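Enquirer:
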Amino acid sequence: MDIQADLSILIPEAVAWATEHEQEIRGRGIALVEHGITMAQRVGVQRPEQVRVLIVPQMPMPATTMKLRQVAETLGFQEMAGLTLGYGIYLVQGRWDNTLLCHELRHVQQYERKGGISSFMGEYLQQVLTHGYYSAPLEVDARAHEHLAR
């Protein structure tokens, strides 16, 4: 599968999946407590009261289409300990700490800055597919803010 060539099809599917899961997290997740709100403010989140965190036994995999699932597998969804979708954050039970939460909160700030899931998702996927997960500029930026977890 040529993921780059299929990006114009995959992005709307990824946005739909992310939007659905953000709503699930915001409906079932917990609000940030005082330390989490402070951390969110440190990394630039404008509306930390909107953030919700849902602890899950394993990272949910997109199952809407085979191509989207293949992209998720290529990006290593199974290995992820955290995933941010707008104001919703999934954290895998037993695999997260404040450093990871801080990283994910920086992604919330990026979503805010980009104007939401639709704008963020295309840029994020393009970066990860072009530079690789570790070197994608949005990931580099999130890691650069992890020290603010204190």
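The numbering used here numbers the first residue of the sequence shown as 1271 and each following residue consecutively.
By construction, the Cβ of each residue, glycine as well, lies at the ideal position given by its N, Cα and C atoms.
Just so you know, these numbers come straight off a predicted model, no measurement behind them.
(1) Please determine if the region 1277-1295 and the region 1334-1347 are in contact, where contact requires at least 3 C-beta pairs separated by less than 8 angstroms.
(2) When you compare the CB positions of R1296 and G1352, do they come within less than 7 angstroms of one another, or not?
(3) Counting beta carbon pairs with one atom in the region 1401-1415 and one in the region 1373-1388, are three or more of them shorter than 8 angstroms?
(4) Less than 7 angstroms between the C-beta atoms of R1298 and L1324, yes or no?
(5) Rounded to whole angstroms, what is the Cα-Cα separation between T1334 and W1287?
(6) Is it buried or exposed, E1292, if we count other Cβ atoms within 10 angstroms and call 16 or more buried?
Expert: So, from the data block:
(1) yes
(2) Annotated as distal: R1296 and G1352, with beta-carbon spacing of 7 angstroms or more.
(3) yes
(4) Between R1298 and L1324, the gap from beta carbon to beta carbon is short of 7 angstroms.
(5) 8 angstroms
(6) buried
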